[in-house]
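Enquirer:
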């Protein structure tokens with residue numbers, strides 16, 4: 001049985017699902033779906049000053065979600081000789097930010113906005129051709145789910161955990177976690193884009209003995225790009241509420257997909273991905 005069909009049979013009550021997405025979720029009345037998503041956003045947690053500290057907790061690299069064990073493709077890039085210094089790291093992170101980072105941020109923003117998490121999980125699968133990266137995304141989602149449910153208990157998180165016990169894609173869990181923490185889609189998108197570059201930067205320090213000050217400077221110079229990518233992701237998430245998850249970004253990074261498969265076959269490696 002398809003895991004999403006089984007999930008529905010097991011009692012998950014999804015948030016309003018946008019219609020018209022032939023590849024990522026059940027079709028329905030687009031106008032009704034959009035109204036439902038807007039209602040979910042209005043009824044659910046809203047972004048604001050009282051919740052801003054929660055954003056710091058969620059984005060903190062010490063939040064026990066397992067991200068420290070993943071390099072975001074940096075380990076394979078170092079082995080291939082494409083990442084050797086701070087200048088290479090900046091180029092690597094910029095490329096990752098505008099491809100997989102944008103895609104993840106769109107999914108996270110949509111989940112925070114209140115779209116059907118099962119439809120979003122299917123959309124994430126469709127946007128991740130590499131089996132190794134799909135497995136990593138679900139493992140990270142499972143680990144984030146454990147931390148999120150302990151930190152910000154939520155019926156929505158509980159329902160998704162029951163529906164997909166092997167793990168939903170991490171950006172989807174991230175968006176629902178943001179909702180549970182009282183954050184909005186903008187916050188979820190910013191968390192996702194920061195993770196997209198923060199992970200490789202931290203990994204590069206370990207892999208290359210790179211000066212941590214240089215790695216942090218790379219991230220600081222990328223902040224205008226992060227803001228722009230997060231803004232694009234939120235705009236796309238709001239469009240997905242009207243038109244279905246096909247409106248979400250689907251930017252790809254083929255070289256990351258290829259090297260992820262190679263990396264997964266290494267007998268010895270420092271990072272899980």
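Numbering (my numbering), first residue to last: 1 to 273. Just so you know, even glycine gets a beta-carbon here, dropped at the ideal spot from N, CA and C. Bear in mind the structure is a predicted one, so any value in this text is a computation, not a measurement.
Under 6 Å Cβ to Cβ from residue 120, same chain only, skipping five residues before and after it: list those, please.
Expert: Hits under 6 Å: 107, 110, 111 and 172.
Enquirer: Looking only at its chain, what residues have a beta carbon closer than 6 Å to the beta carbon of residue 48, apart from the 5 residues adjacent to it on each side?
Expert: Bear in mind that the predicted position of residue 48 carries a pLDDT of just 46, short of 50, making it unreliable; the figure below should be weighed with that in mind. Result list for residue 48: empty, nothing under 6 Å.
Enquirer: If you draw a straight line from the C-alpha of residue 101 to the C-alpha of residue 80, how long is it?
Expert: Whole-angstrom Cα-Cα distance: 22 Å.
Enquirer: In whole angstroms, give me the CA-to-CA distance for residue 309 and residue 204.
Expert: Any property of residue 309 remains undetermined from this structure, which presents the chain solely from 1 to 273.
Enquirer: If you count every other CB in all the chains shown that lies within 10 Å of the CB of residue 268, and 16 or more means buried, which is it?
Expert: Result: exposed.
Enquirer: Alpha helix (DSSP H) containing residue 263: first to last residue?
Expert: Residues 254 to 264.
Enquirer: Between which two residues does the alpha helix (DSSP H) holding residue 245 run?
Expert: Element bounds for residue 245: n/a, residue is neither H nor E.
Enquirer: If you reduce the DSSP assignment to three classes, tell me which class residue 196 lands in.
Expert: Helix, per DSSP.
Enquirer: Give the C-beta separation of residue 202 and residue 84 to the nearest angstrom, bearing in mind that I take them to be a contact with Cβ-Cβ under 8 Å.
Expert: Not quite, the Cβ-Cβ distance comes to about 17 Å (not below 8 Å), so this is no contact.
Enquirer: So for residue 128, helix, strand or coil by DSSP?
Expert: Coil, per DSSP.
Enquirer: Within the same chain, show all residues whose beta-carbon is closer than 6 Å to that of residue 145, passing over the 5 residues directly before and after it, in chain order.
Expert: Closer than 6 Å at the Cβ level, and outside the excluded window around residue 145, lie 161 and 173.
Enquirer: Considering only C-alpha positions, which residue in the set 271, 123, 56 and 167 is nearest to residue 248?
Expert: The option with the nearest alpha carbon to residue 248 is 123.
Enquirer: Only counting the same chain, and skipping five residues up and downstream in sequence, which positions put a Cβ closer than 7 Å to that of residue 75?
Expert: Correct list, in chain order: 203, 207, 263, 269, 270 and 271.
Enquirer: Assuming residue 94 is part of the alpha helix (DSSP H), what are its boundary residues?
Expert: Its alpha helix (DSSP H) spans residues 86 to 96.
Enquirer: Is residue 139 helix, strand or coil by DSSP?
Expert: Note: residue 139 maps to helix in three-state DSSP.
Enquirer: Are the segment 186 to 203 and the segment 218 to 226 touching by the rule of at least three beta carbon pairs closer than 8 Å?
Expert: The segment 186 to 203 vs the segment 218 to 226: in contact.
Enquirer: Quick check on residue 21: buried or exposed, where buried means 16 or more other Cβ atoms within 10 Å of its Cβ?
Expert: Confidence at residue 21 is low in this model, with a pLDDT of 38, below 50, so the placement of that residue is unreliable and no value is reported for it.
Enquirer: For the segment 172 to 192 against the segment 50 to 58, do three or more pairs of beta-carbon atoms, one drawn from each stretch, fall closer than 8 Å, so that the two count as touching?
Expert: With a cut-off of 8 Å, the segment 50 to 58 and the segment 172 to 192 count as touching, because enough Cβ pairs lie within range.
Enquirer: Reducing DSSP to helix, strand and coil, say where residue 213 ends up.
Expert: Correct three-state label for residue 213: helix.
Enquirer: Would you kindly report the start and end of the unbroken alpha helix (DSSP H) that includes residue 173?
Expert: Start and end: 170 to 180.
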